[in-house]
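Numbering (my numbering), first residue to last: -18 to 241. A virtual CB, placed ideally from N, CA and C, is assigned to each residue, including glycine. Data block below; observations after.
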Amino acid sequence: MLEARLQHASTLKKLLDAVKELVTDANFECNETGIALQAMDTSHISLVTLLLRSSGFEHYRCDRNSSLGISLASLGKILKCASNEDVLTLRAGENADVLTLVFEAPDSERCSEFEMKLMDIDSEHLGIPDSNYDVVVKMSSVEFQRICRDMSTLSESITIECAKDSVRFMTEGDIGSGYITLKPGMSIDDSEDTSTTIELQQACSLTFSLKYLSNFTKATPLSKTVTLSMSNEYPLLVEYKVNEIGFIRYYLAPKMNEAE
């Protein structure tokens, strides 16, 4: 038996918006510690992982480990029936073939219940080792989203160059080039919570697909900040913390130089 209650349905709505462009169907792995998702995008170029800790739910019960195969498109259709402020409860019995979603208005005068058919999805869980990154940049998620949007007008690729005193975003296309430099302490809203910080082990410069980075920024409503972890040895890690409940992480390999 799984029963998980979120105080606001908007949390799950935002999480779904953050992954639905990359993943169509996925297994939600449920156990006593929480609910997790891991899936490659349809092109097998990026990887997304999601964790919702049991402690972040208003109520959480999971009697035994279970895997719920879910169509994200179907889930999205049902979630449109919920108001952002509704209390959301997820329920699934043992060996269930449906997931029950209950939406309760805060004033308790309205309660909606939907059942969604579950799927059998073959998926291979990838072990993700702890990595020592060359550089870790924490910055405003809104600023990162804007950079990706602005740079997309010039090119399909973006180079992120990190030094001790700055992080530079560069792109070059047929109509011209663009450069945006952020220095530690900079913030778009004068808030210390969103100021740029750089933890550098060694300088790093890598190029990535703007199409994928722009998709990752759909997680912006979930967090005021985003963390970019880069290394010459590992894929880029883009992480958004989800309040106190968990996180969503995206992994993307850099583009290789044509000369390589």
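Outcome for residue i when other beta-carbon atoms lying within 10 angstroms are tallied against a minimum of 16
i: D78; result: exposed
i: C92; result: exposed
i: P87; result: exposed
i: G157; result: exposed
Counterpart residues of residue i in DSSP-defined beta bridges
i: G157; result: G154
i: R72; result: E(-16) and T81
i: T208; result: K119 and E220
i: S52; result: D6
i: R34; result: G15
Rounded straight-line distance, which links the Cα of residue j to that of residue i
i: L187; j: L53; result: 32 Å
i: S176; j: K98; result: 44 Å
i: Q(-12); j: T152; result: 42 Å
i: E94; j: F84; result: 6 Å
i: I161; j: P202; result: 22 Å
i: S27; j: R42; result: 32 Å
i: S122; j: N196; result: 13 Å
i: S190; j: E90; result: 48 Å
i: L181; j: T14; result: 33 Å
i: I141; j: D111; result: 22 Å
i: D155; j: E137; result: 11 Å
Residue range of the beta strand (DSSP E) that includes residue i
i: Y41; result: H40 to C43
i: Y231; result: G227 to L233
i: T178; result: T178 to L181
Residue span of the alpha helix (DSSP H) that contains residue i, given as start and end
i: S195; result: L191 to F197
i: A(-1); result: A(-10) to V0
At what residue ranges does the stretch 96 to 142 contain a whole run of the beta strand (DSSP E), taking only runs of 3 or more?
116 to 121
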